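In what follows, a single structure is set out as structure tokens and then discussed.
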Ligand SMILES: NC(=O)c1ccc[n+]([C@@H]2O[C@H](COP(=O)([O-])OP(=O)(O)OC[C@H]3O[C@@H](n4cnc5c(N)ncnc54)[C@H](OP(=O)(O)O)[C@@H]3O)[C@@H](O)[C@H]2O)c1
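Numbering (my numbering), first residue to last: 28 to 305.
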């Protein structure tokens with residue numbers, strides 16, 4: 028298959044390029060080549076490249092800055108997503124679009140399924156939910172993959188932040204009242220390759236298995252990295268006082284994807300070990 032990846036130099040995009048190249052013809056574009064907020068550029072480039080499948084990993088992903096930059100977040104995450112869907116519809120190209128656990132408000136006391144109604148708390152989540160809705164209207168058969176708490180070698184992420192802080196202090200303060208599933212972008216890239224190969228349509232949740240709080244995630248990072256002398260102190264979301272509200276529980280139920288593909292992502296601690304030492 029010929030697969031076009033938009034956002035190919037982002038954290039997920041970089042792993043997608045690597046994973047897809049082993050079995051497919053893969054072309055990557057990022058902001059420099061195709062700004063997805065420019066409908067004409069998207070239409071022309073997608074038509075010229077004529078892929079069988081387009082996987083969109085391009086997004087405005089700064090959750091806190093989105094609160095001040097609502098117009099930018101919506102231009103990229105909602106308008107940009109719609110431009111890609113229009114280009115795919117025109118070229119009869121299958122679209123796989125990546126979305127987020129932050130479309131949910133986090134009030135449920137169980138993992139969220141694809142049937143649950145989104146109710147995003149912040150601007151970033153609202154812009155991503157708007158992108159999903161716009162894609163569905165334009166291209167009902169598109170594949171939307173919601174994921175969560177990503178870390179990967181190509182980007183700034185929580186694992187790198189904790190290790191950097193552990194190099195400077197012996198006491199870290201980490202939130203313990205948000206729960207999710209840390210997910211390695213390499214594993215997600217393999218799941219997206221499977222979605223492309225199996226021709227999935229509809230909405231799916233995909234994360235590494237299991238869940239933890241940010242504090243639990245930090246403790247596992249420190250344990251695996253052998254940072255025994257570093258203590259982690261729990262703090263609340265309120266105490267940290269970041270600009271954007273975030274869901275308290277954003278664990279996603281991934282059984283629909285597992286049934287459709289026969290593929291279950293490994294547990295998050297095992298994936299983390301592979302990220303650190305693989
Ligand atoms: N990171 C997470 O924890 C997380 C969690 C759940 C879901 N997701 C979703 O997963 C996907 C991948 O996330 P990620 O963390 O890999 O993101 P990322 O590292 O921020 O990569 C996004 C890429 O999109 C590019 N981009 C930004 N604006 C663009 C535009 N107007 N036109 C074309 N490209 C543009 C960025 O370029 P610049 O760097 O030059 O701006 C970057 O290369 C996104 O859809 C995100 O919403 C992420």
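Even for Gly, the Cβ is constructed at its ideal location relative to N, Cα and C. A quick note: this is a predicted structure, and the numbers were derived from the prediction, not measured.
In the DSSP assignment, the beta strand (DSSP E) including residue i goes from what residue to what residue?
| i | result |
| --- | --- |
| residue 260 | 258-262 |
| residue 234 | It is not in any beta strand (DSSP E) - residue 234 carries neither H nor E in the DSSP assignment. |
| residue 55 | 52-56 |
| residue 125 | 121-127 |
| residue 81 | 80-83 |
| residue 172 | 170-174 |
| residue 33 | 29-33 |
List the endpoints of the continuous alpha helix (DSSP H) containing residue i.
| i | result |
| --- | --- |
| residue 151 | 150-165 |
| residue 220 | 212-225 |
| residue 8 | Shown here, the chain extends from 28 to 305; a query on residue 8 therefore has no answer. |
| residue 283 | 282-288 |
| residue 201 | Looking at the DSSP string, residue 201 is not in any alpha helix (DSSP H); the run it does join, the beta strand (DSSP E), is 198-202. |
| residue 93 | 90-93 |
| residue 247 | 241-251 |
| residue 300 | 295-304 |
| residue 99 | 97-101 |
| residue 190 | 185-193 |
| residue 46 | 38-48 |
| residue 61 | Premise fails: residue 61 is in no alpha helix (DSSP H) and is neither H nor E. |
Near residue i, which residues of its chain fall below 6 Å by C-beta distance, leaving aside the five closest residues on each side in sequence?
| i | result |
| --- | --- |
| residue 101 | 154 |
| residue 159 | 126, 171 |
| residue 104 | 86, 87, 154, 155, 158 |
| residue 36 | 57 |
| residue 150 | 93, 94, 97, 100 |
| residue 189 | 245, 248 |
Assuming residue i and residue j are in contact, meaning their beta carbons sit under 8 Å apart, how far apart are those beta carbons, in whole angstroms?
| i | j | result |
| --- | --- | --- |
| residue 141 | residue 211 | Not confirmed; about 22 Å, so no contact. |
| residue 89 | residue 274 | About 17 Å separates the two Cβ atoms, so there is no contact after all. |
| residue 299 | residue 248 | 7 Å |
| residue 177 | residue 44 | That belief does not hold up - the Cβ atoms of residue 177 and residue 44 are roughly 16 Å apart, past 8 Å. |
Is residue i near ligand 2, going by C-beta to nearest heavy atom under 7 Å?
| i | result |
| --- | --- |
| residue 174 | Within the structure as shown, ligand 2 is missing, the only ligands being ligand 1. |
Between the options, which lies nearest to residue i when the distance is taken from Cα to Cα?
| i | options | result |
| --- | --- | --- |
| residue 283 | 277, 276, 291 | 291 |
| residue 173 | 139, 252, 200 | 139 |
| residue 31 | 86, 66, 105, 111 | 111 |
| residue 99 | 63, 256, 268 | 63 |
| residue 280 | 301, 57, 244, 235 | 235 |
| residue 109 | 67, 202, 35 | 67 |
| residue 76 | 61, 84, 65 | 61 |
| residue 207 | 70, 40, 128, 293 | 128 |
| residue 228 | 135, 118, 197, 162 | 162 |
| residue 276 | 246, 175, 181 | 175 |
| residue 221 | 82, 116, 204, 186 | 82 |
| residue 345 | 40, 107, 55, 50 | Given that the chain is displayed from residue 28 to residue 305, the structure contains no residue 345 and the question cannot be resolved. |
| residue 239 | 106, 285, 201 | 201 |
| residue 144 | 152, 136, 130 | 130 |
Can you name, in chain order, every residue of its own chain whose Cβ lies under 8 Å from the Cβ of residue i, other than the five neighbours on each side?
| i | result |
| --- | --- |
| residue 80 | 28, 29, 30, 31, 120, 121, 122, 123, 223 |
Looking only at its own chain, which residues have a Cβ that is under 7 Å from the Cβ of residue i, when we skip the five neighbours before and after it?
| i | result |
| --- | --- |
| residue 217 | 46 |
Is there a Cβ of chain B sitting closer than 8 Å to that of residue i, yes or no?
| i | result |
| --- | --- |
| residue 145 | You won't find chain B in this structure, because it holds only one protein chain. |
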